[in-house]
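Presented below is the structure to which this report refers.
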Amino acid sequence: MSAKLERLQAGMAIPFGGDRLTHVSAALAERFAVGDKLIVLQESGALLHVPRAAHEVATHAVTNACLAFTTMAGVPAAAITAFFEAFAARLEDDDVWRRVAVANAADVERARAKGASVTRLIVTAAMRADMIAGLRAWRDAGDGRGRVLERVGHEGWSVELTAEPLGVVGFVFEGRPNVFADAAGVLRGGNAVVFRIGSDALGTARVLAAEALAPALRDSGLPAGAATLIDSPAHAAGWALFADSRLSLAVARGSGRAVAQLGEVARQAGTPVSLHGTGGAWLIADRSADAARFEAAVEGSLDRKVCNTLNVCCIVEDRAADLTPVFLRALQAAGERRGRGVKLHALEGARRWLPPAWTSARTRVTRADGAREEALVEVLAPADLAVEWEWEESPEVSLAYVQDLDEAITLFNTWSPRFIASVIAADEAAKAQALDRLDAAFVGDGFTRWVDGQYALNRPELGLSNWQAGRLYARGGVLSGDGVFSVKTRMRQATPTLRR
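For any residue, its number in our numbering is found by taking its place in the sequence shown, counting from 1, and adding 271.
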């Protein structure tokens with residue numbers, strides 16, 4: 272016999288993982304009400320409280336998206352093309368963008384008041400241009416529905432594998448309003464999307480939805496539920512969305528811990544996930560590195576803090592004497608370009624290569640909660656190479672010296688999120704071997720900021736995936752709108768009398 276969970280008691284034991292127990296806190300027991308839901312994560316034992324209102328708003332959005340997905344099967348490609356152009360045109364309208372900018376300024380002010388990071392939250396002219404360009408890239412992409420991926424011919428009959436719409440995509444992202452347009456890319460393949468944005472950017476998202484997204488859906492004749500914003504600031508709305516087993520794919524972008532938890536919720540519901548949480552790129556200077564190329568790569572990888580920003584630099588000791596000043600000059604130049612100081616974390620034993628003027632100096636850095644004075648160089652334990660520095664305006668990097676490429680590769684494969692690695696080496700054989708052995712989703716031989724779907728592949732990305740939780744199955748690390756599809760197998764019979 273089953274019964275509805277209507278209340279919780281402080282200290283109540285909740286089993287998870289098959290053989291472990293967690294307990295209800297007094298605060299959770301007090302908050303829980305009739306109609307609420309409790310998600311028990313079987314991996315971590317976390318108890319996620321989903322109030323009734325959060326559950327209902329997410330469920331309603333997914334229901335509408337499911338209905339819209341059914342309708343999308345009969346929508347002509349020209350209507351989807353018109354949607355992307357209409358969306359782009361609305362963002363191009365200065366009156367519309369002025370209202371977006373006003374809402375964004377209010378979001379930024381609130382975020383700063385509570386000490387939250389705003390590096391990804393602020394909408395800029397460049398961000399606007401990228402959103403418009405991305406939408407028009409989808410406009411021009413053409414209809415991917417029904418395209419033949421493979422054909423196998425037989426005598427009297429044939430089999431075709433065709434790309435078909437996947438379904439409803441759930442998309443949760445934090446304070447990056449530009450991702451709002453990226454999420455719409457799944458409509459190109461006939462899918463529907465429900466997205467939730469972090470509370471810091473919700474005001475901006477509301478205006479984008481009302482002034483650009485909704486009119487574009489209406490004017491192109493697409494069903495309103497094909498792209499839906501969950502208008503809720505509650506984290507629980509994201510949990511409720513990802514716990515809905517009607518999703519065909521769950522995509523999460525944001526901070527590592529929050530993204531990992533959302534992924535756990537979705538996997539538990541049986542939904543495939545694409546997670547974009549932990550970032551931070553590594554750059555390795557081989558003993559054969561060209562100093563000028565190395566300097567350009569360092570400075571070019573530190574223009575702003577995003578997931579593909581340089582986070583850890585390794586220099587082979589044979590070149591420490593001449594490459595250290597080059598590295599420090601590039602780091603300083605990156606800070607000066609932003610009008611800010613810099614911060615360096617040096618692995619234990621690295622201080623002998625650094626000038627005393629650095630190791631004894633203080634620096635003024637800008638944090639999410641304001642500016643503060645700190646030591647310019649701090650000693651780093653090996654395990655802390657795994658830390659991704661979430662800097663605001665002051666470039667922040669870890670530095671390690673290694674005996675050779677082998678040690679650098681070992682450090683990367685041990686401590687990095689296995690995301691982005693770049694090797695600066697004039698020795699082509701050594702570089703090729705290193706790039707093969709680095710267990711990373713993205714590798715290169717220059718600056719690290721190239722890792723971006725729109726920049727590298729001319730396809731706006733839904734997210735980038737690292738290999739931190741294992742290599743990806745049958746797809747690359749860039750998840751884009753045209754990568755969201757299923758495969759249908761069609762048989763075409765030419766000879767009516769076929770028998771096995």
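All C-beta atoms in this analysis are idealised placements derived from N, C-alpha and C, irrespective of residue type, glycine included.
The beta strand (DSSP E) enclosing A523, as first and last residue numbers | Residue mapping note: residue 523 aligns to position 252 of the sequence shown, counting from 1. Where A523 is concerned, the enclosing beta strand (DSSP E) stretches over 520 to 524.
Can you tell me whether DSSP reads R633 as helix, strand or coil?
-> As a working mapping, residue 633 is identified with position 362 in the sequence shown. DSSP places R633 in strand when its eight states are reduced to three.
Answer yes or no: the CB of G469 versus the heavy atoms of the ligand FMN, is any distance below 7 angstroms?
-> You won't find the ligand FMN in this model; it holds no ligand whatsoever.
Classify M398 as helix, strand or coil using the three-state DSSP reduction.
-> Counting from one through the sequence shown, the residue named residue 398 turns up at place 127. Here M398 sits in helix by DSSP.
Best match in A472, D401, V346 for proximity to A382 [C-alpha to C-alpha] | Here residue 382 corresponds to residue number 111 of the sequence shown, with the count starting at 1. If we check each option's Cα against that of A382, A472 comes out closest.
Which ranges would you report for the beta strand (DSSP E) in the region 688 to 751 if only whole runs of at least 3 residues count?
-> 691 to 695, 713 to 715, 732 to 735, 749 to 751
Quick one: grab the DSSP three-state call for F756.
-> By one-based count along the sequence shown, residue 756 stands at place 485. Looking at F756 - three-state DSSP - the assignment turns out to be strand.
Which residues mark the beginning and the end of the beta strand (DSSP E) in which W553 is found?
-> By one-based count along the sequence shown, residue 553 stands at place 282. Counting along the chain, the beta strand (DSSP E) containing W553 begins and ends at 552 to 556.
Could you please give me the residues that DSSP links to C585 through a beta bridge?
-> One-based indexing of the sequence shown puts residue 585 at position 314. C585 is bridged to I555, A671.
Where do the N-terminal and C-terminal ends of the beta strand (DSSP E) with P486 fall, by residue?
-> Counting from 1 along the sequence shown, the entry for residue 486 is found at position 215. No beta strand (DSSP E) contains P486, which is instead part of the alpha helix (DSSP H) from 485 to 491.
Cut-off 8 angstroms between Cβ atoms - residues of its own chain near A765, not counting five sequence neighbours on either side | Mapped onto the sequence shown, residue 765 falls at position 494. Same-chain partners within the cutoff: G427, W428, S429.
Taking just the CA atoms, how far does A455 sit from R391?
-> Locating residue 391 in the sequence shown gives position 120, where the first residue counts as 1. Locating residue 455 in the sequence shown gives position 184, where the first residue counts as 1. In a straight line, the C-alpha of R391 is about 19 angstroms away from that of A455.
Whose CA, out of L299, V478, A350, lies closest to the CA of N375?
-> The sequence position of residue 375 within the sequence shown is 104, counting from 1. Here the closest residue by C-alpha is V478.
Taking the alpha carbon of R410 as the point to measure from, which residue in G306, A350, V464 has its own alpha carbon closest?
-> On the sequence shown, residue 410 is found 139 positions in, with the first residue counted as 1. In terms of Cα proximity to R410, the closest of G306, A350, V464 is A350.
On the three-state DSSP scale, how would you describe T685?
-> Along the sequence shown, one-based indexing puts residue 685 at 414. T685: helix per DSSP, three-state reduction.
Starting from T595, follow the alpha helix (DSSP H) in both directions and report where the run begins and ends.
-> Here residue 595 is taken as the residue at index 324 of the sequence shown, counted from 1. First-last of the alpha helix (DSSP H) with T595: 591 to 608.
For the candidate residues R407, A591, A324, M283, whose alpha-carbon lies nearest to that of D675?
-> Taking the sequence shown and counting its residues from 1, the one referred to as residue 675 is at position 404. Ranking the options by Cα distance to D675, first place goes to A591.
DSSP state of Q532 mapped onto helix, strand, coil = Taking the sequence shown and counting its residues from 1, the one referred to as residue 532 is at position 261. Three-state DSSP puts Q532 in a helix.
Could you give the DSSP three-state label for M774: helix, strand or coil?
-> Nothing can be reported for residue 774: it is not among the residues displayed for the chain, which extend from 272 to 771.
Among residues of its own chain, excluding the 5 on either side of T630, which ones have a beta-carbon nearer than 7 angstroms to its beta-carbon?
-> Position 359 of the sequence shown, counted from the start, is the residue given in the question as residue 630. R622, V648, listed in sequence order.
How long is the line joining the alpha carbons of A452 and Q532, rounded to whole angstroms?
-> Taking the first residue of the sequence shown as position 1, residue 452 is located at position 181. Taking the first residue of the sequence shown as position 1, residue 532 is located at position 261. For A452 and Q532, the distance between alpha carbons rounds to 24 angstroms.
To the nearest angstrom, how far is it from the Cα of A507 to the Cα of W660?
-> The count along the sequence shown starts at 1 and reaches residue 507 at position 236. The count along the sequence shown starts at 1 and reaches residue 660 at position 389. Going from the Cα of A507 to the Cα of W660 covers about 27 angstroms.
Hey, how far is the Cα of G641 from the Cα of G386?
-> For the purposes of this step, residue 641 is identified with residue 370 of the sequence shown, where counting begins at 1. For the purposes of this step, residue 386 is identified with residue 115 of the sequence shown, where counting begins at 1. Answer to the nearest angstrom: the Cα atoms are 7 angstroms apart.
Would you list the residues sitting across from P286 in a DSSP beta bridge?
-> Counting from one through the sequence shown, the residue named residue 286 turns up at place 15. DSSP output for P286 lists L292 as bridge partner(s).
Quick one: what's W428 bridged to in DSSP?
-> Here residue 428 refers to the residue found at position 157 when the sequence shown is read from its first residue. BP columns for W428 point to H425, Q764.
Count the C-beta pairs between the region 319 to 330 and the region 361 to 381 that are closer than 8 angstroms, then say yes if the count reaches three, no if not.
-> The region 319 to 330 is not in contact with the region 361 to 381.
Close beta carbons around L618, own chain, < 6 angstroms, minus the five adjacent residues each side = Here residue 618 is taken as the residue at index 347 of the sequence shown, counted from 1. Taken in chain order, the residues that qualify are L651, A671.
Name the two residues that bound the continuous alpha helix (DSSP H) containing I351.
-> Here residue 351 corresponds to residue number 80 of the sequence shown, with the count starting at 1. For I351, the enclosing alpha helix (DSSP H) starts and ends at 348 to 363.
Paired residues, beta bridge with V544 - DSSP = The sequence position of residue 544 within the sequence shown is 273, counting from 1. In the DSSP output, where bridge partners are listed per residue, V544 has A521.
Can you name the residues that DSSP bridges to R638?
-> Position 367 of the sequence shown, counted from the start, is the residue given in the question as residue 638. In DSSP, R638 forms a bridge with G641.
Hey, how far is the Cα of L309 from the Cα of H326?
-> Walking along the sequence shown from the start, residue 309 turns up at place 38. Walking along the sequence shown from the start, residue 326 turns up at place 55. Their Cα atoms are separated by approximately 11 angstroms.
Within 10 angstroms of the Cβ of K576, are there 16 or more other Cβ atoms? Answer buried if so, exposed if not.
-> As a working note, residue 576 is residue 305 in the sequence shown. The residue is buried, with at least 16 neighbouring Cβ atoms inside 10 Å.
Name the DSSP bridge partner or partners of H320?
-> Against the sequence shown, residue 320 aligns to sequence position 49. The partner list for H320 (beta bridge, DSSP) reads L309.
Taking the alpha carbon of E570 as the point to measure from, which residue in G541, R422, V668 has its own alpha carbon closest?
-> Reading the sequence shown from its first residue, position 299 is the one you call residue 570. Selected option, being the one with the closest Cα: V668.
D364: which of S545, G715, E482, V389 sits nearest, CA to CA?
-> Translated into the one-based positions of the sequence shown, residue 364 becomes position 93. The option with the nearest alpha carbon to D364 is E482.
Candidates A511, S491, E445, of which the one nearest S526 by Cα | Position 255 of the sequence shown, counted from the first residue, corresponds to residue 526. It is E445.
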